[in-house]
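Everything below concerns the one structure shown next.
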Amino acid sequence: MTTIDPARSTREGVHEQPARGGTGTRGTRILGIATIVAMGWLVAFGLGFSPADRDQQESVRILYVHVPTIWIAYLAFTVTAIASGLYLFTKKKSLGWDRLAGASAEVGTVFVAVTLVVGALWGRLTWGVFWQWDARLTTTALLFVTYVGYLAVRRLGGSHEQRARRSAVIGLIAVLEIPLVHWSVRLWRSLHQEATVLDTDGDIDMDGLMLFSLFVGVVAFSLLYAWLVLHRTRVMAMEDLMDDRGLDLALEARRSEGRRSERRTGTPDPRPAGDTIDKDGAR
Amino acid sequence: MSTEPTRDPAATEPIRDPSSTEPVRDPAATHVTARPAGGPPGAWRIALLVASKDLRIEVHSRVLTNQVLPFAGVTMVIFAFALDADSVLQRVAPGLVWLATMFSLLVLVQRAFAVEAEDGALDAMRVAGVDARAIYLGKLLGLGVQLLVLEVVLLFAAVVLYSQTVPLEGVVLLVTTLISATCGLAAVGTLYGGLAAGFRGRETLLPLLTLPAVAPVLIGATRAVEAALGTAGAVVSDGWPWVGLLVVFAVAFGVGGSLAFGPLIDE
Chain A
1 MTTIDPARST REGVHEQPAR GGTGTRGTRI LGIATIVAMG WLVAFGLGFS PADRDQQESV
61 RILYVHVPTI WIAYLAFTVT AIASGLYLFT KKKSLGWDRL AGASAEVGTV FVAVTLVVGA
121 LWGRLTWGVF WQWDARLTTT ALLFVTYVGY LAVRRLGGSH EQRARRSAVI GLIAVLEIPL
181 VHWSVRLWRS LHQEATVLDT DGDIDMDGLM LFSLFVGVVA FSLLYAWLVL HRTRVMAMED
241 LMDDRGLDLA LEARRSEGRR SERRTGTPDP RPAGDTIDKD GAR
Chain B
1001 MSTEPTRDPA ATEPIRDPSS TEPVRDPAAT HVTARPAGGP PGAWRIALLV ASKDLRIEVH
1061 SRVLTNQVLP FAGVTMVIFA FALDADSVLQ RVAPGLVWLA TMFSLLVLVQ RAFAVEAEDG
1121 ALDAMRVAGV DARAIYLGKL LGLGVQLLVL EVVLLFAAVV LYSQTVPLEG VVLLVTTLIS
1181 ATCGLAAVGT LYGGLAAGFR GRETLLPLLT LPAVAPVLIG ATRAVEAALG TAGAVVSDGW
1241 PWVGLLVVFA VAFGVGGSLA FGPLIDE
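Here the protein sequences line up with chains A and B, keeping their order.
At the far end of the first sequence sits residue 283, using the numbering used here, and the numbering has no gaps.
At the far end of the second sequence sits residue 1267, using the numbering used here, and the numbering has no gaps.
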């Protein structure tokens, strides 16, 4: 049961630097440095250069994190869906697509969590409450739970192919589910909350510097997303490799242990350790 | 299933390979394809066999009447403890009916697939070449019938416990809502139930996957039943757009589920 595609792993850089034992390559290190620089710019523009808002005052600065994270989360879930589809519907069932889907969903889920937490803080400052049963907020919360479920499905166990097929199906069902949830929640709010006008993007007449800060935020979080997904995909490839090779390595370790004790005592080990392990291994 | 040995393996529906898009293209057509007389049973016939088998098991084991219905009834009573005011209860009664239905759905789905997993029946059916879509449809039908019984009982409980009334003009809307919502719930429940079938530790996953997915049904069915019962001054005509939502949901998950079920249970 070889589940790792060696060509792909090499291309991903898993075997390129075994001595270092990390998942970094020249490309990802440049990307990582670019991410740090962009994050520095975001801090400088978000907290420093951009002006406070007329209505929201300083709390507007939260939006430079809030808005980019949810945009990138949508992007991440789109990538998950596309990668799931590519896994299911291509002839060569490359586990690389499955790992990309999983890594993207993990990062996306974290970003949605950031959006929700940061958004709740912003809501407390601006609306006076942490949460409103607004259509967009409710859908986002359900989106979060849906992908937590997806990640739980990924950890069900079984072979890598089973994991890949199951999670690809769930990843595609989520695409079916989210628009339905969004539509129903919108309908629910539009008919039942006439008074509430929760215009989350109230001031469209955005200051130029504010718009630029938001842009810096989007760039910074896009870079962070790419960097995290690349590394996570590689770590997953290594985990899969470890699963596959782990048994072989354990067998090898036991055999050499047996050989050592044989040499030390000068007599063969009375326990037929190698044989039983082989049988275990075969099972 | 008694029809199994007489089947000609060459003529059966091929086991769907997830890689090929061929059978995915037109799911509806395969369901309604009439088999030639004397040939293997068609998808609908298998579905009916699976459903009737499930219902027969229920009649014999009486899990629905002895455990699930009492559980749903207890839920209705403890809702009253939480919402300690007659006016509140009266106002939110339709929502509580559907909430109790959803909790019971989780129990029913687990039961429906525990029956299959005990003797590896699901695997046996797949090995015998039974189309996964037919199994899905059959489990969906069996689950749907049980859910309908449950919902009627819960509505009756709402009439008694939460002082609801069923006006005559709302009956058509009420029945349509019950049927469409049941189809949606059963479609989602069967799909995720198949995923959780027969593996220890997976049962806990079922609520996490199912409840966010059925949120639209909870919203739509609650509003539609409010309209049908005239809760808080709602009128019957308000309910029909929600029935539309429920029908779209049931169709989407019915089609999506029948396509996804095969890859999910092939392990």
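Using N, Cα and C, we set each Cβ at its ideal position, and we do this for glycine too.
The structure displayed is predicted, hence computed values, not measured ones.
Beta-carbon proximity of residue i to residue j, cut-off 9 angstroms
i: B:V1153; j: B:V1107; result: no
i: A:L88; j: A:L214; result: no
i: A:L42; j: A:V229; result: no
i: A:I178; j: A:T146; result: yes
i: A:L151; j: A:T90; result: no
i: A:G102; j: A:R154; result: yes
i: B:F1249; j: B:V1217; result: yes
i: B:A1187; j: B:F1103; result: no
i: B:L1141; j: B:L1064; result: no
i: B:R1126; j: B:A1132; result: yes
i: B:V1115; j: B:I1046; result: no
i: B:A1228; j: B:L1173; result: yes
i: A:V218; j: A:G46; result: no
i: A:I173; j: B:L1191; result: yes
i: A:G171; j: A:A81; result: yes
i: B:A1181; j: B:A1224; result: yes
i: B:G1193; j: B:L1143; result: yes
Burial state of residue i (16 or more Cβ within 10 Å)
i: B:L1259; result: buried
i: A:I70; result: buried
i: A:Q57; result: exposed
i: A:A253; result: exposed
i: B:K1139; result: buried
i: B:H1060; result: exposed
i: B:F1081; result: exposed
i: A:K93; result: buried
i: A:T265; result: exposed
i: A:F130; result: exposed
i: B:V1160; result: exposed
i: A:R259; result: exposed
i: A:L247; result: exposed
i: B:F1079; result: buried
i: A:I33; result: exposed
From the options, residue whose alpha carbon lies closest to that of residue i
i: B:V1097; options: B:L1148, B:V1248, B:P1041 and B:L1122; result: B:L1148
i: A:A141; options: B:G1120, B:L1140, B:G1142 and B:L1211; result: B:L1211
i: A:D134; options: A:L151, A:T146 and A:L116; result: A:L116
i: A:H182; options: B:G1239, B:R1223 and B:V1214; result: B:V1214
i: A:G149; options: B:R1126, B:L1195, B:I1265 and B:G1120; result: B:L1195
i: B:G1120; options: B:V1092, B:A1197, B:S1052 and B:R1062; result: B:A1197
i: B:G1189; options: B:V1160, B:G1095, B:R1111 and B:V1171; result: B:R1111
i: A:M236; options: A:V218, A:R124 and A:W97; result: A:W97
i: B:A1100; options: B:L1264, B:M1076 and B:G1144; result: B:M1076
i: A:V114; options: A:V65, A:A38, A:T35 and A:W188; result: A:V65
i: A:A105; options: A:S256, A:L180, A:L75 and A:I36; result: A:L75
i: B:G1239; options: B:A1134, B:L1155 and B:V1171; result: B:V1171
i: B:I955; options: A:A83, A:A120, A:T233 and A:L180; result: In the structure as shown, chain B starts at 1001 and stops at 1267, and residue 955 of chain B therefore has no counterpart that could be examined.
i: B:F1071; options: B:L1105, B:G1095 and B:L1122; result: B:L1105
Rounded straight-line distance, which links the Cα of residue j to that of residue i
i: A:H231; j: A:T23; result: 6 angstroms
i: A:L249; j: A:A168; result: 30 angstroms
i: B:V1243; j: B:V1175; result: 10 angstroms
i: A:R26; j: A:L223; result: 15 angstroms
i: B:E1203; j: B:G1230; result: 38 angstroms
i: A:L31; j: A:W227; result: 6 angstroms
i: B:V1130; j: B:F1113; result: 17 angstroms
i: B:V1166; j: A:L95; result: 55 angstroms
i: A:V185; j: B:E1169; result: 27 angstroms
i: A:T78; j: B:D1054; result: 38 angstroms
i: B:A951; j: B:E1226; result: Absent from the structure is residue 951 of chain B, since the part of chain B shown begins at 1001 and ends at 1267.
i: A:R166; j: A:R245; result: 23 angstroms
i: B:S1052; j: A:Y225; result: 51 angstroms
i: A:G48; j: A:G40; result: 11 angstroms
i: B:K1084; j: A:A73; result: Note that residue 1084 of chain B is Asp in the sequence shown, not Lys. If you take the alpha carbons of B:D1084 and A:A73, they lie about 41 angstroms apart.
i: B:L1268; j: A:M238; result: Since the first and last residues shown for chain B are 1001 and 1267, residue 1268 of chain B lies out of range.
i: B:L1209; j: A:T139; result: 15 angstroms
i: B:V1145; j: B:I1179; result: 10 angstroms
i: B:V949; j: A:L241; result: Nothing can be reported for residue 949 of chain B, as the shown portion of chain B is limited to 1001 through 1267.
i: B:L1049; j: B:V1255; result: 20 angstroms
i: A:W188; j: A:R136; result: 12 angstroms
i: A:T28; j: A:A52; result: 35 angstroms
i: B:V1236; j: B:L1205; result: 37 angstroms
Rounded distance between the beta-carbons of residue j and residue i, thought under 8 angstroms
i: A:L209; j: A:S59; result: Not a contact, Cβ separation roughly 17 angstroms.
i: A:F144; j: A:V112; result: 5 angstroms
i: A:F221; j: A:P68; result: 4 angstroms
i: B:A1234; j: B:T1177; result: At roughly 13 angstroms, the Cβ-Cβ gap does not stay under 8 angstroms, so B:A1234 and B:T1177 are not in contact.
Cβ-heavy atom distance, residue i to the ligand FAD, below 8 angstroms
i: B:L1161; result: Within the structure as shown, the ligand FAD is missing, as the structure has no ligands at all.
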